[in-house]
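Trainee: In our numbering, the protein residues as written are 218 to 444.
By construction, the Cβ of each residue, glycine as well, lies at the ideal position given by its N, Cα and C atoms.
Right, I'll just put the structure down here and ask away after.
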Ligand SMILES: C[S@@+](CC[C@H](N)C(=O)[O-])C[C@H]1O[C@@H](n2cnc3c(N)ncnc32)[C@H](O)[C@@H]1O
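Written as structure tokens, this is what we have:
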């Protein structure tokens, strides 16, 4: 049954591609939703959700330390940073990159501090200061069209040699635009993830799970630069 559902969904996606235009047009379309995003609970299923579960996993895999520079991609309303502060995990500095100007303004207002920087830009193309030890992203890579690979290719350029990447995904094999025609969602198989990591000079450290709340459990990918 799940295979049949995946097959139908990929058919739907191909039909959408025919109906809505080229890859470049779809790429632009997939970004319109996020460029105009605002920092509300709409980003997490209509209710505020704690980032503690995600941060505890990053901590478990050694992602924090008082000398470490952290980069978050797609911080939304800042629930991961809020959890870092609540759980008192150590870091040297914290950068957060979001495509939405409204999110970035709000985050700067709420969390701004000399060692917390907020940058507006696209994860695929934005140049960043070099030297991150941990890069993390929650509930965001599943929305990157056509895949998260171009974002990884950009981000690895700014990683320290021992850097770790932490991001969550929906597991499966399908891709489609939601009814609003701008929200793109893609599921990945573990093999696809490993292949994409390899093409971005990354290797798998672990597959794990992160339970954002009892209804939203996701595949967590932990990766490091290939040695
Ligand atoms: C579904 S929300 C998740 C927010 C947050 N990570 C969380 O877990 O609550 C996706 C976030 O990623 C941002 N985003 C989407 N595409 C992006 C891109 N290409 N580059 C940077 N940020 C992006 C959106 O603006 C939004 O803040």
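Check whether the Cβ of residue 292 lies closer than 8 angstroms to any heavy atom of ligand 1, and answer yes or no.
Mentor: Distances from the CB of residue 292 to the heavy atoms of ligand 1 include at least one below 8 angstroms.
Trainee: Using the beta-carbon count (16 or more within 10 Å), is residue 357 buried or exposed?
Mentor: Counting the other CB atoms within 10 Å of its CB gives residue 357 a total of 16 or more, which places it among the buried residues.
Trainee: Which stretch, first to last residue, makes up the alpha helix (DSSP H) that contains residue 385?
Mentor: Per DSSP, residue 385 belongs to no alpha helix (DSSP H); it is in the beta strand (DSSP E), 376 to 388.
Trainee: Please give me, in chain order, every unbroken run of the alpha helix (DSSP H) with length at least 4 that falls completely inside the segment 307 to 334.
Mentor: Counting whole runs of 4 or more residues, the segment 307 to 334 contains the alpha helix (DSSP H) stretches 318 to 328.
Trainee: Determine, using beta-carbon pairs with one atom in the segment 391 to 401 and one in the segment 415 to 431, whether at least three such pairs fall under 8 angstroms.
Mentor: no
Trainee: From residue 413 to residue 312, what does the alpha carbon distance come to, in whole angstroms?
Mentor: 24 angstroms
Trainee: Can you check which of these residues, 408, 442, 239, is closest to residue 390 by C-alpha distance?
Mentor: 408
Trainee: Which of the three DSSP states, helix, strand or coil, is assigned to residue 275?
Mentor: helix
Trainee: Could you name the residues of the same chain whose beta carbon sits closer than 6 angstroms to that of residue 318, not counting the 5 residues immediately before and after it, in chain order?
Mentor: Scanning its chain for C-beta atoms nearer than 6 angstroms, with the 5 sequence neighbours on each side dropped, one finds around residue 318 the residues 337, in chain order.
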